[in-house]
Every structure is written in C-alpha cells, then in structure tokens.
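Before any comments, here is the structure.
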Amino acid sequence: MDKLLSLWYESGIYQMALGQFSMIVVCLLLLYLAIKRGFEPLLLVPIGFGGLLANIPAAGLAFSAVENAINSGNPDVLQSLAQSLQLATWETGKDIYSAYESASASVHILAEQTAKDLGFLNGMLYNFYTISIASGAAPLIIFMGVGAMTDFGPLLANPKTLLLGAAAQFGIFATVLGALGLTSLGLMDFSLADAAAIGIIGGADGPTAIYVASLLAPDLLGAIAVAAYSYMALVPLIQPPIMRALTTEKERQIVMVQLRPISKVEKVCFPLVLLILVALFLPSAAPLLGMFCLGNLMRECGVVDRLSDT
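Numbering of the sequence shown is given in this note's numbering, commencing with residue 50 and proceeding in unit increments.
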C-alpha cells in the first residue's frame, strides 16, 4: 500500500497545479485551431506542443537543475542548496529560489553544481532555451530565414508602400504606452524595459519580439513569445471584418500588379544599402538586420541557391 501511495504522490496528476492545467487546456486549444481550423499551423503546432511539454507536472522539462531540485521538496536537498547559496535561514523552497535569483554569477554556478551532484539535471526545454533563445542565436537564424523568403520587388517598384510599414510601428508605441498606463494605474507592475519588450508585440514580429525580450525582460520572454505568435496567428480572424468595414467589394477585387520590373542589380544592392544605412544610424540593430539582409542577399544574388532554398 505504501508503494502505491508513493507512486500516486510522484505522479503528475497529484502534483498538477491549477496554472499547469489551465495552460494544458490552452495548448490543446491552440493545437485544435492549427490542425482542425488551419490557423497558422506553422506557428501554433510547435507553440501548442511545446506548451504541453513545458507544463507536464513533475517532468521539469522547462526548469534548470536548481529549480528541479527545489521543486522536489526534499529537505536534505533544500538544505544543501541553502548552504551553497550561503542562506542562513529559510522556511520554504520559495525562499531558496528567491536567494538563487538574486545571487551572483559565481554563486549560481556553485548552486547548479550542487544540484547536479545531487542527481538533478536541466530539463530538455531549458537546455534548448539556454542554447538557442537566451544566447540570441535562434532569433538571428530565424531572421536570416525570413530574409531569404522576402521579396522586396514590390517595395522597390513602389517606394510609397514603405509608409504602410512605417504606420504599422504605431502599434509598438501604443503597446508601450498601454503597458506603462497599466503600471501608473496600479493594475500591473512593468518597468520601462518590460514595457519596451512588451511593446514589440505591437509590431506583430515574432523573432524581433523574442530577441528584444531576451535582452530587456528575460523573465517575460515566454509570455511575450506566446502573445506575439498567437496575435500573428489570429490575423486571419482579425483582418477580414476590418477589411470589409473599410473597403467596398469592388475595391477588394482590384488585382495588384507590380508597377515596373526590378533589375537584379537593384535587388542585390538594396539589402546592402539598407544594412549600411541603418547600422550607421542605429548600431544596436545591426545583428538582427544584418542576418535579415544576409538572407535576402543569398536569395537575390543567385549564386548560393541551395543555401537560400534551405
């Protein structure tokens, strides 16, 4: 009987929290929308499935070795971690986690080694996050792929359409002001860096949102990434009623054609000129824009077809 009780206490069902259950339901809904309804499956399928993995109780796939050790609740393990963190008094695992969060880098390393010596490991998703997201590598690689898929021909043929893209940036400023407004009203507690990271959601650009959040607000990265990609996935639902309200049926039937043919020289020079000009005025944008322009240059130069196709 004791073994059965022990098995029950160690099961994910027993350890499931309300937040985990709610997120599992949300993730299943995202998978349903992607698979059954066809809403941005390339975005929602990995988001939904990744969310399921991250919220499996007791699996610890999204936690570090230290967090998994704390979540185990073992008094001896907690005492060892408290000693490695130089924590004299503590009552619960939350106290140890708070001390770990505020500790220096050297103490972090000591606590992580202690947890690993006790048999706890980083979760699979945590390792993936550390290598790809926290390092900033994944957003840069994604942006290179976006650049390889982007055709600037219509923009070069009709430069006035650049104003449409510029107008879209008002969404960023509106979101930043909204986040700061909620803070001033006492409803939320966002710093200026948090608000700036949240504001990138208004640009409906997933890789940029992830990259900026990893720099300005790493603690909000998960929520920002899900919000940005969910917002992008819901565009097919949001756009049609707005389009019907602002245009006539005759206007919606207009066939858009390119005004003039664009030469290869123009297409090759554009990403180079864009990178140089923007990087000179805003050097901090060079990594993201550089990878984007590299992808577009590989597409347009015609000598690395296999790379651009990949």
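Yeah, the Cβ is synthetic: ideal placement off N, Cα and C, and Gly gets one too.
Of the residues the options, the one placed nearest residue i, counting alpha carbons only
| i | options | result |
| --- | --- | --- |
| G185 | P320, A216, S263, I221 | S263 |
| L101 | S133, F319, Q132, G68 | G68 |
| A187 | M340, G235, A107, A245 | M340 |
| P124 | E349, G142, S279, P208 | G142 |
| P320 | V306, Q288, L337, R309 | L337 |
| Q218 | G248, G230, P203 | G248 |
| A245 | A228, L159, M237 | A228 |
| P285 | F70, F88, I84 | F88 |
| G172 | A183, L331, A108 | A108 |
| F239 | A266, G251, T257 | A266 |
| V352 | G122, K313, P290, V327 | K313 |
| Q128 | E315, Y278, A164 | A164 |
| F222 | L234, P208, L241, M237 | L241 |
| T179 | V156, L346, L110 | L110 |
| Y278 | T210, V75, I96 | I96 |
| S113 | L78, Q162, K85 | Q162 |
| T257 | M193, D268, L212 | M193 |
| L324 | Y280, V304, L346 | L346 |
| R309 | L174, A152, N207, S155 | N207 |
| I273 | S153, D243, R293, G220 | D243 |
| Y175 | C76, A335, L270, L226 | L270 |
| V261 | T296, L189, L295 | L189 |
| V156 | L167, W139, A131 | A131 |
| V126 | I158, E140, L167, A154 | L167 |
Neighbour flag for residue i against chain D, beta carbons, 8 Å
| i | result |
| --- | --- |
| T138 | In the structure shown, chain D does not exist; there is a single protein chain. |
Whole-number beta carbon distance between residue j and residue i, since they are thought to touch under 8 Å
| i | j | result |
| --- | --- | --- |
| N104 | M72 | 4 Å |
| A66 | V115 | So it is not a contact: roughly 19 Å between Cβ atoms. |
| I250 | T232 | With 8 Å as the limit, I250 and T232 do not qualify as a contact, their Cβ atoms being about 16 Å apart. |
| G196 | C342 | 6 Å |
| A282 | L93 | 5 Å |
| L362 | E315 | With the chain covering only 50 through 359, there is no way to say anything about residue 362. |
| F98 | L80 | 7 Å |
| I119 | I145 | 6 Å |
| L134 | Y149 | 6 Å |
| I413 | G202 | Since the first residue shown for the chain is 50 and the last is 359, residue 413 is missing from the structure and cannot be characterised. |
| G252 | G220 | 6 Å |
DSSP three-state assignment for residue i, whether helix, strand or coil
| i | result |
| --- | --- |
| F88 | coil |
| E150 | helix |
| F239 | coil |
| Q132 | helix |
| V156 | helix |
| F219 | helix |
| I303 | coil |
| V314 | helix |
| D254 | coil |
| S184 | coil |
| L211 | helix |
| M65 | coil |
| G230 | helix |
| L286 | helix |
| G196 | helix |
| R293 | helix |
| E298 | helix |
| T141 | coil |
| F330 | helix |
| R355 | helix |
| G122 | coil |
| G172 | coil |
| A266 | coil |
| R348 | helix |
| F201 | coil |
| L337 | helix |
| L167 | coil |
| L321 | helix |
| C189 | Here residue 189 is Leu; the residue named in the question, Cys, does not match the sequence. In the structure shown, L189 sits in a helix (DSSP, three-state: H, G or I). |
| L308 | coil |
Cβ-heavy atom distance, residue i to the ligand HEM, below 7 Å
| i | result |
| --- | --- |
| V94 | No copy of the ligand HEM occurs in the structure displayed, which carries no ligand at all. |
Going residue by residue through the region 67-118, where are the continuous alpha helix (DSSP H) segments of at least 4 residues, counting only ones entirely within it? List check, alpha helix (DSSP H) in window: 67-84, 90-103.
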